[in-house]
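K.L.:
Numbering (the working numbering), first residue to last: 455 to 1237.
Positions of the beta carbon are idealized from the N, C-alpha and C atoms, including for glycine.
Below are the structure tokens for one structure; questions will follow.
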């Protein structure tokens, strides 16, 4: 059984690693799959009888095939409905129903809808049956779950920036079952259609009602977002400071409706059921353990529904069922099989769960607990609980570094404080308060207020722990090194740990290995990030790093510096910047600078108009420096120019193998000045200016500074480089690579003759621009 289940999980995971869905699973040849599966099943039965020691091989093969076959229809159904980048900007009018709990803040409302009818739109655009995430500006708090609306929408496709270490927007849309997003230009309430509401709408309506009761029962809570996160699983109401306090101390798992919370609810309900069984005589006709387990599971299911029956909650509920069976059987082997079966069931119900880090963290954490309890079934006591919490925090830390680029060495101590406080004090009070608030809001205020006070003390404690900088590790480690690090933690606790000391040390050392480019003296490495409507470029030599621009960003909103640039730097093993150059003060170039400077040490900053002349230098023509045999020179602007695009900084990077020229946001006037003041030279790689001017990369420029290849920072629809410039490059046979089509572009001075490694190297079938032949990996029709 274990081999088949593990094969099933591997098959589902494997399908989600392919760039294009296999036709044999999703196309006309799908009928062959059952035939192959039947053959594998016959082989399984034959080996189980005549060669049992080899029975695992056909079992695993059958599970592998079944996993891929089960996941393919889900992936195909989503791919058939998803809105690609070609529909971005289209305007459409639809009738739709709100199917999720809306999020309202001061600026906007965000909610999920299912389109019931497309009223008006472009030819061929039919949104019926699709699920969209809609944003409305300004906020419309009157929108509720189940509302029927007439919406005038401006559509957005699911494609997002692709960069190393950064958030994959397209994967998130696929995982959440959303087919696109849109901005509502007009929202008109409609009369509810006749007929029964769907189970999803009923569930979220109950959550919305509970949210209203909580706000009515205790309107003056200091941490209403934390209260909602623990009761109805709504973490969107948490403030950024609250989230950071839990994240930086490794206790953020407490803010998700996880196995710990669900098990606690089941335990409380089971305890009450046991008491009722002992005092109510008719109940004694039922076996005590069966009655207690059934009541506990029913209560846990109700809590899961109240929490939105999200994917993490589904995992928790199935894991509770698995461990209930293991507990009743009191057999260790059953626990492992039950855990594997629970993971398989989660993936069968929702195959995209395999992409969620939470899936691996949840089941990985339970596997660690089982390893710690190996041979210790029945071990109890507070010391055992402390031991499990400490080891679990240490074992999960390497995986946190790999996935989130954040690890907290204070997590063991923080969890020893937070876990019992939340599970034994705060959560019981919140659940009691929620039950009272549902029936009598005035009675629920007291327990909710006490729980809120305890939450305030907990947040203060966690913020104090998170404020110790040496105990918070913000860097990236490869997944393989993270797994080795987690294994080393577990090996230390085994009885034969002393004999395995060399292997433990080797596994642990992998976490500390530096991630630096393999560059010789005189070589450089450049990485153009995919930041959408902006520009950000990383240049590395053997021991130094320069960041040129940091993408778009605005105060209090999205910042490419925080979401894209910093994760990319850490993924490359960069913990500090030797220099940061801001080519000009346009928001697409300078918007993310503040976020980068907040999160990463910067040696010096060069910009046209320094806000703080004491710490920032002026970027102007004539500046030169050398790093590791690589010469850097600012070619533009001349001293005294203003901060407009014509004065954008232009940087030349000259190594022993090749020359790199980065133009920032230079416009046609700036190009003309550069042509006049510079004698010209050959360029091996030109990072084109981000501009809309049709005179960009003029023929005179391409003659004076002839490039071997050109990179351009563009959006998915090609904005950022005018068509006239593309035509001039194509006419001259100069290869062009665009971040908007290929994702982040990466190369080095020693590899310029190769196609640059791009975000497309991690392409999956949900990256739509890869599946419609716009691969962007090669030069466009070079003659």
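Taking the beta carbon of residue 1169 as the centre, do at least 16 other beta carbons fall within 10 Å, making it buried, or is it exposed?
P.N.:
The sequence position of residue 1169 within the chain shown is 715, counting from 1. Classification for residue 1169: buried.
K.L.:
For a test of the three-state rule: what should DSSP assign to residue 589, helix, strand or coil?
P.N.:
In the chain shown, counting from the first residue as 1, residue 589 sits at position 135. Looking at residue 589 - three-state DSSP - the assignment turns out to be strand.
K.L.:
If you run the structure through DSSP and keep just helix, strand and coil, what is residue 981?
P.N.:
Here residue 981 refers to the residue found at position 527 of the chain shown. Note: residue 981 maps to strand in three-state DSSP.
K.L.:
Would the beta-carbon of residue 1102 fall within 7 Å of that of residue 1038?
P.N.:
Taking the chain shown and counting its residues from 1, the one referred to as residue 1102 is at position 648. Taking the chain shown and counting its residues from 1, the one referred to as residue 1038 is at position 584. Yes; because the gap between Cβ atoms is below 7 Å, this pair is in contact.
K.L.:
For residue 724, does the count of other Cβ atoms within 10 angstroms reach 16, so buried, or fall short, so exposed?
P.N.:
Within the chain shown, residue 724 is the residue found at index 270, counting from 1. Buried, by the Cβ-count rule.
K.L.:
So, under 8 Å CB-CB, residue 636 and residue 668 are touching, yes? Tell me the CB distance rounded to an integer number of Å.
P.N.:
Start at 1 with the first residue of the chain shown, and residue 636 comes out as number 182. Start at 1 with the first residue of the chain shown, and residue 668 comes out as number 214. Going by Cβ atoms, the distance from residue 636 to residue 668 rounds to 30 Å, so no, they are not a contact pair.
K.L.:
Going by beta carbon distance, what residues of the same chain come within less than 7 Å of residue 840, once the five residues before and after it are set aside?
P.N.:
Indexing the chain shown from 1 puts residue 840 at position 386. Cβ neighbours of residue 840 beyond the five flanking positions: 870.
K.L.:
Am I right that residue 817 and residue 853 are in contact with their C-beta atoms under 8 Å? What's the rounded C-beta distance?
P.N.:
Residue 817 sits at position 363 when you count from the first residue of the chain shown. Residue 853 sits at position 399 when you count from the first residue of the chain shown. Going by Cβ atoms, the distance from residue 817 to residue 853 rounds to 12 Å, so no, they are not a contact pair.
K.L.:
Once DSSP output is grouped into helix, strand and coil, what is the label at residue 1126?
P.N.:
What you label residue 1126 is simply residue 672 of the chain shown in a count that begins at 1. The answer is helix: DSSP assigns residue 1126 an H, G or I state.
K.L.:
Out of 905, 591, 795, 597, which has the shortest C-alpha to C-alpha gap to residue 684?
P.N.:
For the purposes of this step, residue 684 is identified with residue 230 of the chain shown, where counting begins at 1. Minimum Cα distance to residue 684 is reached at 905.
K.L.:
So does the region 725-733 actually touch the region 742-758, counting three or more Cβ pairs closer than 8 Å?
P.N.:
yes
K.L.:
What residue from 994, 1208, 1219 has the CA that sits closest to residue 1022's CA?
P.N.:
By one-based count along the chain shown, residue 1022 stands at place 568. Of 994, 1208, 1219, the residue nearest in Cα terms is 994.
K.L.:
Closest by CA to residue 1083, which one among 1112, 1060, 1074?
P.N.:
Against the chain shown, residue 1083 aligns to sequence position 629. Residue 1083 has its Cα closest to that of 1112, out of 1112, 1060, 1074.
K.L.:
Could you tell me the boundaries of the alpha helix (DSSP H) in which residue 822 lies?
P.N.:
The sequence position of residue 822 within the chain shown is 368, counting from 1. Element bounds for residue 822: 811-826.
K.L.:
What's the C-alpha gap between residue 992 and residue 1138?
P.N.:
Mapped onto the chain shown, residue 992 falls at position 538. Mapped onto the chain shown, residue 1138 falls at position 684. Computed Cα separation, rounded: 17 Å.
K.L.:
Classify residue 1154 as helix, strand or coil using the three-state DSSP reduction.
P.N.:
To locate residue 1154, count along the chain shown from 1; it is residue 700. Look at residue 1154 here: in three-state DSSP terms it is helix.
K.L.:
Which of helix, strand or coil does DSSP assign to residue 989?
P.N.:
Position 535 of the chain shown holds residue 989. In this structure, residue 989 counts as coil in the three-state DSSP scheme.
K.L.:
Around the C-beta of residue 914, are 16 or more other C-beta atoms found within 10 angstroms, so that it is buried, or is it exposed?
P.N.:
Looking up residue 914 in the chain shown gives position 460. The residue is exposed, with fewer than 16 neighbouring Cβ atoms inside 10 Å.
K.L.:
Based on DSSP bridge pairs, tell me the residues matched to residue 1212.
P.N.:
On the chain shown, residue 1212 is found 758 positions in, with the first residue counted as 1. Answer by DSSP bridge pairing, in chain order: 1199.
K.L.:
Once DSSP output is grouped into helix, strand and coil, what is the label at residue 833?
P.N.:
Position 379 of the chain shown holds residue 833. Caution applies to residue 833, whose pLDDT of 49 falls short of 50 and renders its modelled position unreliable; the model cannot decide the point.
K.L.:
Using a Cβ-Cβ cutoff of less than 7 Å, which residues in the same chain neighbour residue 1153 once the five nearest sequence positions on both sides are dropped?
P.N.:
Mapped onto the chain shown, residue 1153 falls at position 699. Closer than 7 Å at the Cβ level, and outside the excluded window around residue 1153, lie 1182.
K.L.:
Looking only at C-alpha atoms, which of 1157, 1114, 1025 sits nearest to residue 1134?
P.N.:
For the purposes of this step, residue 1134 is taken as residue 680 along the chain shown, with counting starting at 1. Per the Cα distances, 1157.
K.L.:
Is residue 752 helix, strand or coil by DSSP?
P.N.:
Walking along the chain shown from the start, residue 752 turns up at place 298. In this structure, residue 752 counts as helix in the three-state DSSP scheme.
K.L.:
What is the DSSP secondary structure of residue 546, reduced to helix, strand or coil?
P.N.:
To locate residue 546, count along the chain shown from 1; it is residue 92. If DSSP states are grouped into helix, strand and coil, residue 546 belongs with the strands.
K.L.:
In this structure, does DSSP put residue 559 in helix, strand or coil?
P.N.:
On the chain shown, residue 559 is found 105 positions in, with the first residue counted as 1. The answer is coil: DSSP assigns residue 559 none of H, G, I, E or B.
K.L.:
Once the 5 residues before and after residue 799 are set aside, which same chain residues still bring their CB inside 6 Å of it?
P.N.:
Stepping through the chain shown from its first residue, residue 799 is reached at position 345. For residue 799, where only same-chain residues beyond five positions count, the Cβ hits under 6 Å are 772.
K.L.:
Please give me, in chain order, every unbroken run of the alpha helix (DSSP H) with length at least 4 that falls completely inside the region 1052-1135.
P.N.:
1122-1131
K.L.:
Less than 7 Å between the beta carbons of residue 977 and residue 1109, yes or no?
P.N.:
On the chain shown, position 523 is the one that residue 977 refers to. On the chain shown, position 655 is the one that residue 1109 refers to. Yes, Cβ-Cβ distance for residue 977 and residue 1109 is below 7 Å.
K.L.:
In this structure, does DSSP put residue 1035 in helix, strand or coil?
P.N.:
Within the chain shown, the letter at position 581 stands for residue 1035. Three-state DSSP puts residue 1035 in a strand.
K.L.:
On the DSSP bridge assignment, give the partners of residue 1002 in chain order.
P.N.:
Translated into the one-based positions of the chain shown, residue 1002 becomes position 548. 991, 1035, per the DSSP bridge assignment.
K.L.:
Could you tell me whether the Cβ atoms of residue 1140 and residue 1161 are closer together than 7 Å?
P.N.:
For the purposes of this step, residue 1140 is taken as residue 686 along the chain shown, with counting starting at 1. For the purposes of this step, residue 1161 is taken as residue 707 along the chain shown, with counting starting at 1. Result yes, Cβ atoms of residue 1140 and residue 1161 sit closer than 7 Å.
K.L.:
For residue 625 and residue 1221, I'd like the C-alpha separation in whole angstroms.
P.N.:
The sequence position of residue 625 within the chain shown is 171, counting from 1. The sequence position of residue 1221 within the chain shown is 767, counting from 1. So the two alpha carbons sit approximately 8 Å from each other.
K.L.:
So, at 8 Å on beta carbons, what are the nonlocal neighbours of residue 848 in its own chain, with the 5 sequence-adjacent residues on each side left out?
P.N.:
Here residue 848 refers to the residue found at position 394 of the chain shown. Result list for residue 848: 865, 866, 943, in chain order.
K.L.:
What is the rounded straight-line gap between the Cα of residue 550 and the Cα of residue 573?
P.N.:
Taking the chain shown and counting its residues from 1, one reaches residue 550 at position 96. Taking the chain shown and counting its residues from 1, one reaches residue 573 at position 119. For residue 550 and residue 573, the distance between alpha carbons rounds to 10 Å.
K.L.:
Taking 8 Å as the limit between beta carbons, can you name the residues of its chain near residue 1008, skipping five residues before and five after?
P.N.:
Position 554 of the chain shown, counted from the first residue, corresponds to residue 1008. Taken in chain order, the residues that qualify are 1041, 1045.
K.L.:
Please say whether residue 470 and residue 535 have beta carbons closer to each other than 7 Å?
P.N.:
Position 81 of the chain shown, counted from the first residue, corresponds to residue 535. Position 16 of the chain shown, counted from the first residue, corresponds to residue 470. Between residue 535 and residue 470, the C-beta spacing is not below 7 Å.
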